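Convert by adding 3 to the 1-based position in the sequence shown; the result is the number in this note's numbering. Each residue gets a CB set at the ideal place from its N, CA and C atoms; glycine is no exception. Quick caveat, the model's predicted, so the values are computed rather than measured.
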Amino acid sequence: MRLVNLQYLKLTQFSGSRLFSKIHNFKMRLPYVNPESSTFSSEDNAAILSRVQARRSPRPLQPLDLTLLHSPNVADGWNSFLGAIRTKTSLADDVREIAICRVAVINEAWYEWGHHAPLAKAGGVSDEGIKVLGDRGLGGEAGKGVLNAKQMSVVRFTDEMTSNVKVPDEVFAELKKHFSEQEVVEITATVAAYNCVSRFLVALDVGEKNSTKGPGL
C-alpha cells in the first residue's frame, strides 16, 4: 500500500482524485493512507472509498477516515455505523452533540472536541454552555442555570457511562423523565459509539491533538 509520509506531509484537502498537502511535522502514530494508492483500484475498495467520501461530502476526507482506510472493511463498517449515529436518529442536535462533547472531554479526545463543540453551539448550546461542557469535573449543580434539566440529564448519563460504565438508577431515571425509549437507546448508542471513536483517536493520536491541554476555550 502506498502511504503518505507523515514526516513531510500534512493533509489539508482531498477532492476527487487529487490530494492536497503542505509541509508539516506529524506525530500521528501511523501514516495516513493515500486514497490514490493502488489499494483502492479494486472494485470493492473503490466502492468503500466512495461511500466514505459521500458521507463526508462536501468536506474532504478527514484524518480519521485516512487512518481507518488502512483497513477498508473496518472503515466501511465504521462509516455506516457512525453515519447512522450522526444523521439517522431522532435526537435533537443539542442532545446528540452534548453527549459527544462530554465523551470527548472526559476521554481527553481533543480532536473529537474540536469537531463537535462547534456543532453543539450550532445546535443551540450557548457560549456559556460550551464552557460548562468543557469542564471535565462538571457535576451536581455546576451546569444549573446554564444547561436546562433535559440537557443536564444527558451530561450526567454520559459522564457515568464514560467514566464508570455502570449508570446509577437515579441517573437513568432522570434521563428517562425527559426522553422516550427510542431516544434513550439512541443517546446510549451515541455515547457508546463516541467512546469507541475517542479511544481510537487518542490511542493513535489521530489529528495530532494528544499534546493539547484542555478544550482550548
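- For the segment 101–185, which segments carrying the alpha helix (DSSP H) assignment without a break, of at least 4 residues, lie completely within its bounds, in sequence order? You should have 113–125, 130–136, 152–167 and 172–181.
- Take ARG159 as the anchor and find which of LEU85, ALA102 and PRO218 has the nearest alpha-carbon. ARG159 has its Cα closest to that of ALA102, out of LEU85, ALA102 and PRO218.
- Task: Counting only the same chain and skipping the five closest in sequence on each side, list residues whose C-beta sits under 6 Å from that of MET4.
- Result: Its pLDDT being 41, under 50, MET4 is placed unreliably by the model, and nothing is read from it.
- Which runs of the beta strand (DSSP E) fall wholly inside the segment 28–105 and span at least 3 residues, in chain order? At a cut-off of 3 residues, not a single continuous stretch assigned as beta strand (DSSP E) sits fully inside the segment 28–105.
- Is it the case that the Cβ atoms of ALA125 and CYS104 are separated by a distance below 8 Å? No. Outside cutoff.
- Work out the CA separation of LEU204 and THR191 for me, nearest whole Å. Rounded to the nearest whole angstrom, the C-alpha separation of THR191 and LEU204 is 20 Å.
- Query: Using 8 Å as the threshold, is the segment 104–123 in touch with the segment 199–216, meaning 3 or more CB pairs across them?
  - Reply: Cβ pair count under 8 Å is three or more, so yes.
- In three-state DSSP terms, what is THR193? In this structure, THR193 counts as helix in the three-state DSSP scheme.
- Whose CA, out of GLY217, VAL209 and ARG89, lies closest to the CA of PRO34? PRO34 has its Cα closest to that of VAL209, out of GLY217, VAL209 and ARG89.
- Query: Roughly how many angstroms lie between the CA atoms of LYS153 and ALA95, to the nearest whole one?
  - Reply: Pairing LYS153 with ALA95, the inter-Cα distance amounts to about 11 Å.
- Item | For VAL36, the nearest candidate out of PHE175, LEU72, ARG59 and SER166 (CA to CA) | The shortest Cα separation from VAL36 among PHE175, LEU72, ARG59 and SER166 belongs to LEU72.
- So, using beta-carbon positions, are GLU177 and SER156 closer together than 8 Å? Contact: yes.
- Query: Pick from GLU46, ARG139, LEU150 and ASP138: whose alpha carbon is nearest that of GLY132?
  - Reply: It is LEU150 whose Cα lies nearest to the Cα of GLY132.
- Own chain partners of LEU9 with C-beta closer than 7 Å, once the 5 adjacent residues on each side are dropped: Note that LEU9 has pLDDT 38, beneath the 50 cutoff, so the model's placement of it is unreliable and the number below is only indicative. Around LEU9: PHE29, MET31, PRO34 and TYR35.
- Query: When DSSP labels each residue in this structure, what does SER214 get in the three-state scheme?
  - Reply: The answer is coil: DSSP assigns SER214 none of H, G, I, E or B.
- Task: Enumerate in chain order the residues of its own chain whose CB-to-CB distance from ALA87 is below 8 Å, with the five nearest sequence positions on each side excluded.
- Result: Closer than 8 Å at the Cβ level, and outside the excluded window around ALA87, lies no residue.
- Message: Please state whether the Cβ-Cβ distance between ASP68 and VAL77 is less than 8 Å.
- Response: Not closer than 8 Å, so no.
- From the DSSP output, in three-state form, read off VAL205 for me. VAL205 carries a helical assignment under DSSP once its states are collapsed to helix, strand and coil.
- By a C-beta neighbour count over all protein chains shown, 10 Å radius and 16 as the cutoff for buried, is LYS212 buried or exposed? Counting the other Cβ atoms within 10 Å of the Cβ of LYS212 gives 16 or more, which makes it buried.
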